[in-house]
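Asker: If you want this note's numbering, it's the position in the sequence shown, counting the first as 1, plus 44.
Take a look at the following structure, please.
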Amino acid sequence: MNRLTYLLIPVLLLTETLGTARYEVRYKLGALDTRVVTAEITWEASSWNGTPAYYSAAMLQTTPIFRLFLGSDYFAETYFSQDELKPLYFDNPFQKKGKDGKYEYLWKEKDIESTSTLGDQAVFQVFPNDGCTVDFLSLVHFLRFLDLDRAKEPLPVHILVSGKSYPGELVYQGEDSERFPDMPAHRFLLRLTERGLMENGSGNEVYIWRSMGPDRNILGLETELSTGSMYARIYTK
45 MNRLTYLLIP
55 VLLLTETLGT
65 ARYEVRYKLG
75 ALDTRVVTAE
85 ITWEASSWNG
95 TPAYYSAAML
105 QTTPIFRLFL
115 GSDYFAETYF
125 SQDELKPLYF
135 DNPFQKKGKD
145 GKYEYLWKEK
155 DIESTSTLGD
165 QAVFQVFPND
175 GCTVDFLSLV
185 HFLRFLDLDR
195 AKEPLPVHIL
205 VSGKSYPGEL
215 VYQGEDSERF
225 PDMPAHRFLL
235 RLTERGLMEN
245 GSGNEVYIWR
255 SMGPDRNILG
265 LETELSTGSM
275 YARIYTK
């Protein structure tokens, strides 16, 4: 069994984990602190090719001022196996220069088949299914259900972005009771060595907070950009 798959908790998910989490993403530069993105991430029971699975979708609505960093509105969806929470299939439709496009990843036993389509052009690539290569949406849920007893050492990862694979490292930094005072959290650091989280390549170090309750929600993230910084926080009831 590969390393990253081994670290995913093969457990029956509690009812509390199903549903939709909504986020406010803000950009900060000096005295400026403004909302630039609203986002929601779903997690629900589903099926994939006739087999019980989990389904997740990420939907981001971006204001024009922030499209330099994140691009236009964003939608992506991923299916996961129910037994080991391994990613099965990812797709991200987009438009570029008036043409429809899509990034797709299909996880097989040994390989990940990548298809990048724009108009009538398609590029096919194959990445190793080494248990360390995931898209960003799969990484969110990997963090959500990570067993901390098995996260004592930094975890090497590769992140699939726009049909390419970028190396990184995931580090668990311990408990944090200050960032979200009413919701004690576990804090992680995602360190990307070649390109960052944002559309312009910035945001190489991303701090991520996860709730300590049974729902294991991702509470927020924070990253420095080439200019200013960006942070996200979950909407609370």
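Note that CB positions come from ideal geometry on N, CA and C, so glycine has one too.
Who pairs with Tyr147 in a beta bridge, going by DSSP?
Answerer: Here residue 147 is taken as the residue at index 103 of the sequence shown, counted from 1. Looking at the DSSP assignment, Tyr147 forms a beta bridge with Asn136 and Ser160.
Asker: Please state whether DSSP places Asp155 in a helix, a strand or coil.
Answerer: As a position in the sequence shown, residue 155 is number 111, starting the count at 1. In the structure shown, Asp155 sits in a strand (DSSP, three-state: E or B).
Asker: Using a 10 Å radius around the Cβ and a threshold of 16 neighbouring Cβ atoms, would you call Val250 buried or exposed?
Answerer: Position 206 of the sequence shown holds residue 250. By the neighbour-count rule (16 or more Cβ atoms within 10 Å), Val250 is buried.
Asker: Measuring CB to CB, does Leu192 end up less than 8 Å from His230?
Answerer: By one-based count along the sequence shown, residue 192 stands at place 148. By one-based count along the sequence shown, residue 230 stands at place 186. Yes, the Cβ-Cβ distance between Leu192 and His230 is below 8 Å.
Asker: For Asp77, which of helix, strand or coil comes out of DSSP?
Answerer: Taking the sequence shown and counting its residues from 1, the one referred to as residue 77 is at position 33. Three-state result, Asp77: strand.
Asker: Straight-line CA distance for Ser221 to Asn93?
Answerer: Locating residue 221 in the sequence shown gives position 177, where the first residue counts as 1. Locating residue 93 in the sequence shown gives position 49, where the first residue counts as 1. When rounded, the distance between both Cα atoms is 42 Å.
Asker: Compute the distance between the beta-carbons of Phe119 and Pro108, then report whether it is under 8 Å.
Answerer: The residue given as residue 119 occupies position 75 in the sequence shown. The residue given as residue 108 occupies position 64 in the sequence shown. No, the Cβ-Cβ distance between Phe119 and Pro108 is not below 8 Å.
Asker: Report, in whole angstroms, the separation of the C-beta atoms of Ser252 and Ala65, which I expect to be a contact under 8 Å.
Answerer: On the sequence shown, residue 252 is found 208 positions in, with the first residue counted as 1. On the sequence shown, residue 65 is found 21 positions in, with the first residue counted as 1. Correcting the residue identity first, residue 252 is Ile in this sequence and not Ser. Between Ala65 and Ile252 the Cβ distance is about 13 Å, and since that is not below 8 Å, they are no contact.
Asker: Ser182 by DSSP, collapsed to three states: which one?
Answerer: The residue given as residue 182 occupies position 138 in the sequence shown. Correct three-state label for Ser182: helix.
Asker: Tell me the DSSP secondary structure of Arg188 in three-state form.
Answerer: For this step, residue 188 is matched to residue 144 along the sequence shown. Three-state DSSP puts Arg188 in a helix.
Asker: How is the beta strand (DSSP E) around Asp220 delimited, first residue to last?
Answerer: In the sequence shown, residue 220 corresponds to position 176, counting from 1. That run of the beta strand (DSSP E) goes Lys208 to Asp220.
Asker: Could you tell me the distance, in whole angstroms, from the CA atom of Tyr71 to the CA atom of Leu234?
Answerer: Sequence index remark: in the sequence shown, residue 71 carries index 27 (1-based). Sequence index remark: in the sequence shown, residue 234 carries index 190 (1-based). Using only the alpha carbons, I get a separation of about 19 Å.
Asker: Is it right to say Thr267 is buried, meaning 16 or more other beta carbons lie within 10 angstroms of its own, or is it exposed?
Answerer: Locating residue 267 in the sequence shown gives position 223, where the first residue counts as 1. Classification of Thr267: buried, given that the 10 Å Cβ count is 16 or more.
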